[in-house]
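Engineer:
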Amino acid sequence: MAINIAIDGPAGAGKSTIAKKVSKELGFIYVDTGALYRTVGLNVLRQGKNTKSEEEVVPTLEGVNVSLRFIDGEQRVFLGDEDVSEAIRQNEVSMAASNVSAIPKVREFLFSLQRNIAAENNCIMDGRDIGTVVLPDAQIKIYLTASAEARAERRYKELIEKGQTVVFDEILKDIELRDYQDTHREIAPLKKADDAILVDTTNLDLEGSIEYMLKVIKERL
Numbered sequence: 501m502a503i504n505i506a507i508d509g510p511a512g513a514g515k516s517t518i519a520k521k522v523s524k525e526l527g528f529i530y531v532d533t534g535a536l537y538r539t540v541g542l543n544v545l546r547q548g549k550n551t552k553s554e555e556e557v558v559p560t561l562e563g564v565n566v567s568l569r570f571i572d573g574e575q576r577v578f579l580g581d582e583d584v585s586e587a588i589r590q591n592e593v594s595m596a597a598s599n600v601s602a603i604p605k606v607r608e609f610l611f612s613l614q615r616n617i618a619a620e621n622n623c624i625m626d627g628r629d630i631g632t633v634v635l636p637d638a639q640i641k642i643y644l645t646a647s648a649e650a651r652a653e654r655r656y657k658e659l660i661e662k663g664q665t666v667v668f669d670e671i672l673k674d675i676e677l678r679d680y681q682d683t684h685r686e687i688a689p690l691k692k693a694d695d696a697i698l699v700d701t702t703n704l705d706l707e708g709s710i711e712y713m714l715k716v717i718k719e720r721l
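Counting in the numbering used here, the sequence shown runs from 501 upward without gaps.
1. Whole angstroms is fine: what's the gap from V540's alpha carbon to T683's?
2. Does the contact criterion of 3 or more C-beta pairs under 8 Å hold for the stretch 552–570 versus the stretch 633–647?
3. Quick one: is L610 buried, meaning 16 or more other Cβ sit within 10 Å of its Cβ, or exposed?
4. Can you give me the C-alpha to C-alpha distance between K718 and N550, rounded to a whole angstrom?
5. Buried or exposed: L721, going by 16 or more other Cβ atoms within 10 Å of its Cβ?
6. Is the beta carbon of A513 sitting closer than 8 Å to the one on T701?
7. Which partner residues does Q575 have in the DSSP bridge list?
8. Alpha carbon to alpha carbon, how far is S576 from E582?
9. What number of angstroms, rounded off, separates the C-alpha of N543 from the C-alpha of L579?
10. Rounded to whole angstroms, what is the Cα-Cα separation between Y680 and D626?
11. Roughly how many whole angstroms lie between the Cα atoms of V600 and E711?
12. Out of V606, A535 and I571, which one is the CA nearest neighbour of V557?
13. With a threshold of 8 Å on Cβ separation, who are the neighbours of T517 within its own chain once the five nearest residues in sequence on each side are excluded?
14. Between the beta-carbon of A502 and the beta-carbon of A693, is there less than 8 Å?
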């Protein structure tokens, strides 16, 4: 039986970065479900559709192929035959992902893909509703969070290092808006599963967060 570790939490909490490092340490596959929603969002944007409109978004799912491929042990995200792993990390796509994830048909579209991967592999899967909806029977569930200010500061530094011109207050505002959308949507809102372990990284750097996460997981494996 595959071992599944579910990690949920708000945008910018470091889920992807931490889960990627931890999965490598454990020899597990890392599944970034947020990347799947970002890819759907990117596809909607490219078609010039409104990412908040169910009527406009649902038709874009017809015939579209979103997939994860593991190349040299690293997850890459594909839209059809195009590797969009970098393209989906734009700020505009982040908000699009939040918008389309509130649409039931989008969640249905990606649900079986996520579950099939988990059934066939020891994996760490992160997202917004992994422990509550996608993998409710995961052996280990973690709710990873940090203050909105800490998350905004990390994102700000990351974008500055990439040479982008950004304003901290705007990033903070985007994060707070996304938190509200994710926790208040009708379908599978972001929340801590009753049996999830709370991990708050507000006062931890990246290495400290990774060490703490590994400690929590190894104690329960």
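All C-beta atoms in this analysis are idealised placements derived from N, C-alpha and C, irrespective of residue type, glycine included.
Nothing here was measured: the structure is a model prediction, and the numbers come from that model.
Structural biologist: This is what the structure holds:
1. Counting from one through the sequence shown, the residue named residue 540 turns up at place 40. Counting from one through the sequence shown, the residue named residue 683 turns up at place 183. The alpha-carbon atoms of V540 and T683 are separated by roughly 20 Å.
2. no
3. Here residue 610 corresponds to residue number 110 of the sequence shown, with the count starting at 1. It counts as buried.
4. The sequence position of residue 718 within the sequence shown is 218, counting from 1. The sequence position of residue 550 within the sequence shown is 50, counting from 1. Approximately 44 Å between the Cα atoms of the pair.
5. Here residue 721 corresponds to residue number 221 of the sequence shown, with the count starting at 1. Under this definition L721 is an exposed residue.
6. Within the sequence shown, the letter at position 13 stands for residue 513. Within the sequence shown, the letter at position 201 stands for residue 701. Contact: yes.
7. Residue mapping note: residue 575 aligns to position 75 of the sequence shown, counting from 1. Note: Q575 sits in a beta bridge opposite F570.
8. Sequence index remark: in the sequence shown, residue 576 carries index 76 (1-based). Sequence index remark: in the sequence shown, residue 582 carries index 82 (1-based). The amino acid at residue 576 is misidentified as Ser; the sequence shows Arg. If I take the Cα positions, the gap works out to 10 Å.
9. Locating residue 543 in the sequence shown gives position 43, where the first residue counts as 1. Locating residue 579 in the sequence shown gives position 79, where the first residue counts as 1. Whole-angstrom Cα-Cα distance: 8 Å.
10. The count along the sequence shown starts at 1 and reaches residue 680 at position 180. The count along the sequence shown starts at 1 and reaches residue 626 at position 126. Taking the straight line joining both Cα atoms gives about 19 Å.
11. Stepping through the sequence shown from its first residue, residue 600 is reached at position 100. Stepping through the sequence shown from its first residue, residue 711 is reached at position 211. Roughly 33 Å between the two C-alpha positions.
12. Translated into the one-based positions of the sequence shown, residue 557 becomes position 57. Selected option, being the one with the closest Cα: V606.
13. Sequence index remark: in the sequence shown, residue 517 carries index 17 (1-based). If we look at T517 and ignore the five residues flanking it on each side, its Cβ neighbours are L706.
14. Locating residue 502 in the sequence shown gives position 2, counting from the first residue. Locating residue 693 in the sequence shown gives position 193, counting from the first residue. Contact flag unset, no.
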